[in-house]
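Residue numbers (my numbering), protein chains in the order written: chain A, 42 to 488; chain B, 2 to 527.
Here's what the structure looks like:
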């Protein structure tokens with residue numbers, strides 16, 4: 042087997058050094074009933090070529106986003122990732138290293154995390170950020186749990202514009218811990234309803250902007266209402282490129298900002314791995330979940346970086362930890378940081394402007410299709426449309442023209458009664474020809 | 002002296018005995034690399050994007066006006082910056098990486114290549130089901146392998162890491178108890194030697210945690226377990242092989258006692274590598290176990306993630322699995338994304354989408370490569386390598402549990418360092434100067450000054466011998482009173498020992514202009 046270096050002679054010699062006769066002697070502690078002499082009912086080993094062939098055959102049964110016109114968003118976005126990013130993250134020293142528990146020989150990873158934390162804090166307009174969460178949805182749940190620790194209150198209000206999957210993940214975790222979650226009815230543009238739901242028991246309010254329907258929302262007034270009631274304001278963003286154009290969560294009064302970082306550097310990957318961005322005000326830092334990298338000096342006074350404030354974490358604090366998270370999304374955070382460094386502020390602002398311009402072009406083209414109604418009043422790169430005859434049916438129909446029209450809202454939340462609502466997104470990868478083909482195909486269907 | 006005819010010496014002159022500090026902070030090829038925020042790239046970019054029309058009429062005035070504070074670099078500068086940083090990391094591709102409980106094994110590059118096929122990497126999680134049939138088939142095949150290897154009837158693929166898998170398992174257990182009217186059970190029992198994630202997870206979902214004592218020979222104390230197993234216990238969480246690197250000989254009895262009081266047996270599968278292909282957790286009475294794909298199935302650790310932590314579930318817990326899951330039918334594969342219609346008992350959702358697809362592809366490539374025979378050999382070689390290290394080092398270091406074999410990792414305590422003034426930490430740091438990453442230190446907590454060594458199966462005998470020779474030489478140096486070699490270590494790493502107390506006392510978690518002498522220029526007016 043090509044990954045196993047020991048030869049039969051090695052094995053025999055090593056058993057001799059250990060002082061046993063057979064490998065079975067080393068498994069003597071396993072109960073006899075559980076020791077299996079025979080191989081399990083699975084295929085035998087295979088060469089690299091055979092394995093690659095099988096996986097290529099599976100991959101070939103999928104239709105990649107880049108294969109033609111493609112308009113899906115809803116929490117994951119198709120963006121161009123510079124070739125440099127994928128090259129650097131495949132360097133052995135980044136790819137095959139562990140969590141930087143020995144900082145003297147992990148300064149590469151640690152300095153990257155420090156750069157990542159600084160970039161995330163800047164993007165979200167907040168003071169501190171952690172070294173990443175698994176993804177945006179788990180970051181959202183962790184933020185609600187953190188608000189509970191900070192405020193010592195047990196209820197949370199989730200906006201009806203929050204991505205239904207994010208709401209479901211948060212409800213799953215928070216319910217188990219005994220929190221009471223008020224999830225407001227799904228509505229395209231009703232973030233103001235959040236204010237009415239705030240009570241003196243509210244630990245936090247969670248508002249997404251742009252929300253799941255693409256609506257860009259000013260949360261300033263919601264944040265003021267939350268703060269007046271002693272609650273924390275959590276702002277969720279699923280499209281990180283929007284930070285290059287829109288007012289940041291921090292500027293609008295967020296105490297905690299959570300975002301999905303997939304758009305920068307990571308790629309679609311059928312849903313994972315992604316990278317959760319998590320930032321907050323400095324005064325809450327000791328209640329944060331996840332790893333934190335901090336600056337310090339070595340024995341010769343040279344600047345260096347270490348994992349710090351680990352007394353919050355499970356390996357030190359055990360059942361009193363702020364979270365159970367251990368493994369995070371380090372390599373995706375590296376990809377994010379490299380891509381962000383390549384963009385710089387100028388590139389990010391240009392990229393965000395292009396995304397918005399493409400979405401405007403898409404909106405104009407679809408608005409001109411008879412029967413199509415644009416539902417999102419103000420948006421970044423994604424919006425909702427009403428399609429007569431049903432969103433899921435429209436997506437299926439347009440596949441005949443090799444157009445992937447978007448995400449039917451009913452797929453995210455079948456109970457919402459929004460079966461004719463389709464979420465569509467455009468990015469810098471969307472071409473004028475893609476948009477024209479989409480509008481043309483839609484016209485053929487709705488007329 | 003030997004010289005070329007142009008006067009260039011071709012032999013080294015008399016060696017200078019003391020290492021010189023460089024004038025620039027560099028150490029030979031290792032550059033002293035500044036932060037991106039100090040490289041002056043406030044108006045630079047490494048991408049070529051055509052400026053778009055600026056029309057804010059659809060943004061309701063929510064424009065970001067102030068500078069964000071993000072520097073940029075051209076492509077060559079960015080490449081050099083990150084490659085320079087990479088060279089300050091140890092990596093499994095450089096040398097043995099013996100972190101106990103972490104399973105740092107070789108990461109095959111075929112797996113990287115496969116995960117980058119556009120059919121996987123460029124696939125949107127909400128793309129129409131008819132366009133992702135290959136992805137669903139891969140998830141279905143991966144699930145079949147995981148179920149067969151563990152003799153468990155169901156698997157939830159979506160958890161994103163080991164601790165996330167623990168969370169999934171405990172949520173399923175909680176839902177199962179509630180369905181049986183047993184929601185009053187408040188207690189989870191965890192051995193003292195457990196990973197920190199176990200008690201943290203139990204507390205995170207609202208359980209109280211009680212510890213189970215350990216026997217002299219490093220296993221669960223059955224008498225103590227039995228005394229604590231009441232009808233108030235929801236579950237026990239036991240790692241097997243345990244964190245001392247030992248197989249729980251009484252595991253079947255542990256399961257029987259647990260089930261007798263109506264509690265569930267959660268097994269932490271972090272150490273599955275020791276038994277994969279040879280022993281099936283389903284034959285041991287386990288109800289739920291997470292499998293760290295980034296350990297046993299070799300998806301790269303990436304400096305701390307991403308991982309993946311699918312959870313196999315027993316018949317009793319399977320109905321409570323979270324959404325989504327894959328089902329196959331006559332017209333292909335489907336994804337069940339809501340638990341409301343088809344299985345009302347599902348406890349909810351762990352993540353936004355389907356889980357770590359990129360890791361699924363890599364882990365599946367690894368499984369296909371090994372096959373049933375190769376995986377069995379993985380467990381055997383992993384255990385053989387650990388026992389070989391234990392045998393070779395026991396002459397100079399004190400094994401925590403000297404009697405009998407260990408499984409995939411060898412645990413030593415610091416008894417052998419008594420009287421040397423060298424601590425476990427000092428010894429670990431001195432290993433860095435010898436070119437090795439230290440073992441896991443001070444864990445498990447049940448052993449004083451613990452040193453937990455896990456070599457994995459992908460080390461050759463030559464590398465194991467090189468490692469053992471280095472540790473034996475260091476042990477002799479410690480016992481011979483060469484204390485400076487340890488107290489000041491590492492001397493030869495990119496940095497010397499770091500001040501962790503300073504970092505925690507005055508946390509500097511981001512680069513800020515007011516905390517540095519280098520001021521950022523505001524972004525030039527547009």
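The beta carbon of each residue, even a glycine, is placed where N, CA and C say it ideally should be. In this text, all values refer to a predicted model and were calculated from it rather than measured experimentally.
With H, G and I counted as helix, E and B as strand and the rest as coil, what does DSSP make of residue 241 of chain B? coil
Distance cutoff 9 angstroms, beta carbons only. Does residue 125 of chain A sit that close to anything in chain B? yes
Does the separation of the CB atoms of residue 245 of chain B and residue 27 of chain B fall below 9 angstroms? no
Run through DSSP, which three-state label would residue 160 of chain A get? helix
Inter-residue spacing [alpha-carbon to alpha-carbon] between residue 29 of chain B and residue 250 of chain A: 49 angstroms
For chain B, find out if any of its Cβ atoms is closer than 9 angstroms to the Cβ of residue 35 of chain A; answer yes or no. It is not possible to answer for residue 35 of chain A, since the shown part of chain A is limited to 42 through 488.
Drop a sphere of 10 angstroms on the beta-carbon of residue 404 of chain B, count the other beta-carbons inside from all chains shown, and report buried for 16 or more, exposed for fewer. exposed
Pick helix, strand or coil for residue 211 of chain B, following the three-state DSSP scheme. strand
Output yes if chain B places a C-beta closer than 9 angstroms to the C-beta of residue 46 of chain A; else output no. yes
Nearest-angstrom Cβ-Cβ length linking residue 64 of chain A and residue 385 of chain B, presumed shorter than 8 angstroms: 6 angstroms
Is the CB-CB distance between residue 105 of chain B and residue 137 of chain A below 9 angstroms? yes
Once you ignore the five residues that flank residue 354 of chain B on each side, which residues in its own chain have a CB closer than 6 angstroms to its CB? 126
With a 10 Å radius around its C-beta and 16 neighbouring C-beta atoms as the bar for buried, classify residue 119 of chain A as buried or exposed. buried
Beta carbon of residue 443 of chain B nearer than 9 angstroms to that of residue 426 of chain B: yes
Starting from residue 379 of chain A, find everything on chain B with Cβ-Cβ shorter than 8 angstroms and list it in chain order. 79, 83
Span separating the alpha-carbon of residue 477 of chain A from that of residue 124 of chain A: 29 angstroms
Residue-chain proximity (residue 117 of chain B, chain A), Cβ-Cβ < 9 angstroms: yes
Which parts of the stretch 136-211 of chain A are runs of the alpha helix (DSSP H), unbroken and 4 residues or longer, counting only runs that do not cross its ends? 148-165, 177-192
Would you verify that the beta carbon of residue 274 of chain A is, or is not, closer than 9 angstroms to some beta carbon of chain B? no
Report back the beta-carbon spacing between residue 67 of chain A and residue 388 of chain B to the nearest angstrom; my notes put them in contact at under 8 angstroms. 6 angstroms
Measure the alpha-carbon distance for residue 70 of chain B versus residue 43 of chain B and round it to whole angstroms. 8 angstroms
Can you tell me whether residue 52 of chain B is buried or exposed, with buried defined as 16 or more other CB within 10 angstroms of its CB? exposed
From A:400, A:88, A:469, residue whose alpha carbon lies closest to that of residue 420 of chain A: A:400
For a cutoff of 9 angstroms on Cβ pairs, would you count residue 516 of chain A as touching chain B? Given that chain A is displayed from residue 42 to residue 488, the structure contains no residue 516 of chain A and the question cannot be resolved.
In terms of residue numbering, what span does the beta strand (DSSP E) encompassing residue 192 of chain B cover? 188-192
For residue 86 of chain A, count the other beta carbons within 10 Å of its own beta carbon; 16 or more makes it buried, fewer makes it exposed. Which is it? buried
Along the stretch 181-199 of chain A, where does the CB come closer than 8 angstroms to a CB of chain B? Name the residues. 186
Under 9 angstroms, Cβ to Cβ, is there at least one residue of chain A near residue 264 of chain B? no
Spatial neighbours of residue 179 of chain A within its chain, please: CB distance less than 7 angstroms, with the 5 preceding and 5 following residues excluded, ordered by chain position. 210, 317
Check each residue of the stretch 435-466 of chain A: if its Cβ is closer than 8 angstroms to any Cβ of chain B, include it; give the result in chain order. 436, 437, 440, 445, 448, 452, 453, 455, 456
Rounded to whole angstroms, what's the CA-CA distance from residue 366 of chain B to residue 372 of chain B? Just pull it up for me. 10 angstroms
Starting from residue 407 of chain B, trace the alpha helix (DSSP H) in both directions and tell me its first and last residue. Residue 407 of chain B -> no alpha helix (DSSP H), and no H or E assigned at all.
Out of curiosity, what's the CA-to-CA distance linking residue 394 of chain A and residue 204 of chain A? 24 angstroms
Residues in its own chain within less than 8 angstroms of residue 108 of chain A by CB, not counting five upstream and five downstream? 443
Select from B:347, B:162, B:235, B:257 the residue whose C-alpha is nearest the C-alpha of residue 314 of chain A. B:162
Any idea if residue 12 of chain B is buried or exposed, counting beta-carbon neighbours within 10 angstroms, 16 or more meaning buried? exposed
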